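If you're matching positions, the sequence shown starts at 15 in this note's numbering and goes up one per residue.
Cβ atoms here follow ideal geometry from the backbone N, Cα and C, with glycine treated the same way.
From a predicted model like this one, the values you see are computed outputs, not experimental measurements.
Notes follow once the structure below has been shown.
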Amino acid sequence: MRFSDQLFYFIQSCLINWEFIFFEHLRPFIYRSFFKKMGKRVRISPGSHFKYPSEINIGNDVYIGRNCIFVGKGGLIIGNDVLIGAGSKICTTSHVYKDVSIPINKQGLRSKPISIGDNIWIGFDCKILGGVRIKSHSILATNSVLLEDQFYEENSVIAGVPAVKKGVTNA
């Protein structure tokens with residue numbers, strides 16, 4: 015783990031739960047130098063947590079709701095004009111579990127990049143797992159679970175557990 019990521023975790027722990035709307039703007043200002051890229055006018059609500067920020071790209075005009083979790087190991091790209099609902103989790107990593115004679119926590123992790131396009135609305139409490147690619151102008155319904163290695167085309171309305179395309183947006 016990079017030293018800059020470790021330093022970020024300390025700074026994040028000091029700022030993570032500060033209330034007041036002012037801190038939604040202050041967090042990105044302070045966090046920016048630790049991320050691979052963070053665009054302009056990013057807002058981060060209280061309680062949202064980032065791991066491996068040095069591998070996370072966030073575009074312009076992104077809003078991140080309360081208590082979201084982001085794991086960027088292996089690469090996480092969030093486009094411009096993205097709304098991420100409270101409680102959502104976006105995780106590029108998962109545990110390796112190939113040998114049942116070895117405990118899962120001793121088999122390591124694997125990472126797969128996630129790509130989220132422009133102008134996407136992610137509803138409350140969605141889960142997005144490694145390898146997912148969502149093209150622009152799409153909507154994820156509340157509580158949707160996007161399983162590993164799924165691809166969703168532009169203008170998709172996505173919902174369910176597991177998530178499937180339910181329709182198209184009027185883009």
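Does the beta-carbon of residue i have 16 or more other beta-carbons within 10 angstroms, so that it is buried, or is it exposed?
i    : result
E69  : buried
G86  : buried
L21  : exposed
I104 : buried
V114 : exposed
Y111 : exposed
What distance in whole Å lies between the Cβ atoms of residue j and residue i, which are believed to be in contact at a cut-off of 8 Å?
i    : j    : result
G131 : S150 : 4 Å
E33  : R57  : Actually they do not touch by this definition, with Cβ atoms about 14 Å apart.
Please tell me whether residue i and residue j are closer than 8 Å, where the distance is taken between their beta carbons.
i    : j    : result
S129 : R147 : yes
I72  : I44  : no
S59  : G79  : yes
K54  : N74  : yes
T106 : G61  : no
I172 : L154 : yes
Return the chain-ordered list of same chain residues with a C-beta closer than 6 Å to the C-beta of residue i, the five sequence neighbours on each side being excluded.
i    : result
N133 : D95, S150 and H151
L29  : R41
F24  : none
E167 : K149
Can you list, in chain order, the residues of its chain with a C-beta nearer than 7 Å to that of residue i? Leave out the 5 residues immediately preceding and following it.
i    : result
H109 : I118, Q121 and L123
V159 : K141, V175, P176 and A177
S18  : F48 and S68
Y66  : D19, V85, G86 and K87
Are any of the Cβ atoms in chain B nearer than 8 Å to that of residue i?
i   : result
L40 : The structure shown contains no chain B; it is built from a single protein chain.
Please go through the same chain and pick out, in chain order, the residues whose beta-carbon is closer than 8 Å to the beta-carbon of residue i, but skip the five residues on each side of it.
i    : result
R16  : S68
Q26  : Y45, H63 and F64
T156 : G99, G137, F138, D139 and C140
D163 : K126, G144, G145 and V146
With a threshold of 8 Å, are at least 3 pairs of Cβ atoms found where one atom belongs to the region 104 to 123 and the other to the region 174 to 185? no
Is it a yes or a no for the region 39 to 58 touching the region 95 to 105, going by three-plus beta-carbon pairs under 8 Å? no
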